[in-house]
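Each remark here refers to the structure printed beneath this line.
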Amino acid sequence: MRILAPLLLSVAVTANAADAPAQTPASANFRTCEKPAWPRDTLYDGQPGVVIIGFLVGEDGKVIDTVIRSSSGVPALDRASLAAIKRCQFMPATAGGVPVSSWTSVRYNWSRSSTDNTLADFETYRAQAKTGDAAALYKLALLFRDGVGIENDIGRYDKLLRSSAEAGYAEAEFQLSFNLRFGKYGSPKDEQQALAWQQKAAEHGSVIAQNLMGDFHQSVKGSSADQALAADWYRKAAELGSVDAQYKLAQMLETGRGVAQNIGEAIAWYRKAADRGYIAACAHLGNLYLQGQGVERDPVQALALLSKAAEQRQPSAEITLANLYLNGTGVPQSDAEGVKYLRRAAIASNIAAMRQLAQMLEQGSHMAADPKEAALWQAKVARLDKVVSEADVPRFGDW
22 MRILAPLLLS
32 VAVTANAADA
42 PAQTPASANF
52 RTCEKPAWPR
62 DTLYDGQPGV
72 VIIGFLVGED
82 GKVIDTVIRS
92 SSGVPALDRA
102 SLAAIKRCQF
112 MPATAGGVPV
122 SSWTSVRYNW
132 SRSSTDNTLA
142 DFETYRAQAK
152 TGDAAALYKL
162 ALLFRDGVGI
172 ENDIGRYDKL
182 LRSSAEAGYA
192 EAEFQLSFNL
202 RFGKYGSPKD
212 EQQALAWQQK
222 AAEHGSVIAQ
232 NLMGDFHQSV
242 KGSSADQALA
252 ADWYRKAAEL
262 GSVDAQYKLA
272 QMLETGRGVA
282 QNIGEAIAWY
292 RKAADRGYIA
302 ACAHLGNLYL
312 QGQGVERDPV
322 QALALLSKAA
332 EQRQPSAEIT
342 LANLYLNGTG
352 VPQSDAEGVK
362 YLRRAAIASN
372 IAAMRQLAQM
382 LEQGSHMAAD
392 PKEAALWQAK
402 VARLDKVVSE
412 ADVPRFGDW
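Per my numbering, the very first residue in the sequence shown carries number 22; after that it's consecutive.
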């Protein structure tokens with residue numbers, strides 16, 4: 022029997038503004054999320070794939086916009102992933118208790134597995150595990166966890182996972198830290214143990230664990246030692262190819278937080294991340310080229326980078342691009358294009374865009390006047406002004 026397994030692997034949500042107070046990310050109600058059906062036109066073609074979808078969760082928890090951040094290369098799988106996420110209901114993100122629209126992302130892993138293949142893998146991993154092979158112990162654990170082709174057994178999963186982790190296998194160490202952090206798969210919730218295993222995984226080369234260790238140390242307020250440790254972990258992950266770490270390291274180098282300020286090196290890391298399609302890096306580097314900060318001013322490069330980020334719905338890039346079109350700066354003047362990008366940013370809770378859109382609607386600038394809609398946006402801004410600091414306003418709504 023062939024088992025079709027399109028798997029919702031993870032929902033990775035980022036806060037909408039760095040260090041903004043009392044923010045919570047959007048979270049899924051998975052009871053509303055049906056497992057996506059394998060598209061009929063790929064049913065017999067044996068085409069697996071991984072799709073990463075960006076989606077905007079509105080204030081009511083409904084998905085109101087989507088974009089493909091990374092295609093599977095199989096259009097039918099991309100379409101099925103988009104259709105699946107649109108059926109989900111979410112708890113919206115909040116800022117100071119105020120519901121806000123928020124971009125987040127989900128990764129769908131479409132794969133096929135057969136009972137025969139799984140049983141063959143099981144026998145192979147079991148034989149290797151008997152010799153103490155840490156990788157085999159981990160892979161065997163996953164088979165018991167997922168119950169594909171064999172009976173699901175969380176007790177054996179946990180025992181094998183811990184054996185692999187105790188043998189120093191980074192993937193097992195990280196998975197154990199995840200289970201302990203969230204109390205998953207039979208592990209009791211234990212933040213202290215979770216952090217200890219996460220650090221072990223990072224020390225043994227887990228890039229995602231290195232990133233998270235960087236995040237942990239960066240979150241400690243007022244400690245220069247922790248900021249330096251954050252930069253060290255980000256550098257390790259960046260050198261192993263993590264675009265997320267490359268961007269975060271660049272930010273620290275640009276500001277001199279935790280490391281000696283080095284604009285040239287910061288630009289180099291931003292460029293590495295942007296070249297690999299990291300949208301926040303595209304947006305920030307685009308603004309640096311637009312303003313000539315740390316680099317020679319280059320409006321052509323700026324426009325290309327900002328357009329790339331805006332098409333992926335990055336709000337700060339959208340508001341910058343909106344004003345370039347509204348003013349005809351470096352591009353043909355276009356109210357239609359300017360308003361399109363401005364609305365996108367406003368809908369995604371970018372406060373500066375919301376404020377500008379309200380003003381334009383009130384004055385009839387670049388668009389037909391609409392006092393009622395202007396008042397709606399002004400009310401949204403007023404609610405957020407109470408809970409978002411001025412320092413956070415320029416980036417609020419970014420992801």
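Note that beta-carbon positions come from the ideal geometry of N, C-alpha and C, so glycine has one too.
Query: Quick one, are the C-beta atoms of L378 and L397 less than 7 Å apart?; Result: no
Query: Suppose you measure from the CA of E172 to the CA of T139; what does that come to, to the nearest Å?; Result: 11 Å
Query: Using DSSP's beta-bridge definition, name the partner residues of V119.; Result: A116
Query: How far does the alpha helix (DSSP H) with G425 in it reach, from first residue to last?; Result: The question about residue 425 has no answer here: the residues shown for the chain are numbered 22 through 420.
Query: Taking its Cβ as the centre, do 16 or more other Cβ atoms sit within 10 Å of V409, making it buried, or is it exposed?; Result: buried
Query: Assuming Q219 and F195 are in contact, meaning their beta carbons sit under 8 Å apart, how far apart are those beta carbons, in whole angstroms?; Result: 7 Å
Query: Using 10 angstroms around the beta-carbon of D265, count the other beta-carbons present and answer buried if the total reaches 16, otherwise exposed.; Result: buried
Query: Got a sec, what are the start and stop residues for the alpha helix (DSSP H) D174 sits in?; Result: Unbroken run through D174: none, as it is neither H nor E.
Query: Using the Cβ count rule (16 or more neighbours within 10 Å means buried), how would you classify P353?; Result: exposed
Query: Taking 7 Å as the limit between beta carbons, can you name the residues of its chain near G351, skipping five residues before and five after?; Result: P320, L324, L345
Query: What is the residue span of the alpha helix (DSSP H) that N344 lies within?; Result: 336-348
Query: Going by beta-carbon coordinates alone, are L342 and L326 separated by less than 7 Å?; Result: no
Query: Using the Cα positions of I284 and E275, report the straight-line distance between them to the nearest angstrom.; Result: 5 Å
Query: Alpha carbon to alpha carbon, how far is C54 from A101? Give it in angstroms, no decimals.; Result: 13 Å
Query: Can you tell which of P392, Q380, I340 has the C-alpha that lies nearest to the C-alpha of S370?; Result: I340
Query: Quick check: what's the CA-CA separation for S123 versus E192?; Result: 30 Å
Query: Buried or exposed: which applies to N348, given that a residue is buried once 16 or more other Cβ atoms fall within 10 Å of its Cβ?; Result: exposed
Query: Give me, in chain order, the residues of the same chain whose beta-carbon lies closer than 6 Å to that of A150; leave out the 5 immediate sequence neighbours on both sides.; Result: A157, L158, L161
Query: If you count every other CB in all the chains shown that lies within 10 Å of the CB of L261, and 16 or more means buried, which is it?; Result: exposed
Query: Which residues share a DSSP beta bridge with Q44?; Result: A116
Query: What separation, rounded to the nearest whole angstrom, lies between the Cα atoms of R365 and E80?; Result: 14 Å
Query: Starting from the C-beta of R334, find all residues in its chain whose C-beta is less than 8 Å away, skip the five residues before and the five after it, and write them out in chain order.; Result: G75, L77, D86, V88, W124, R365, A369
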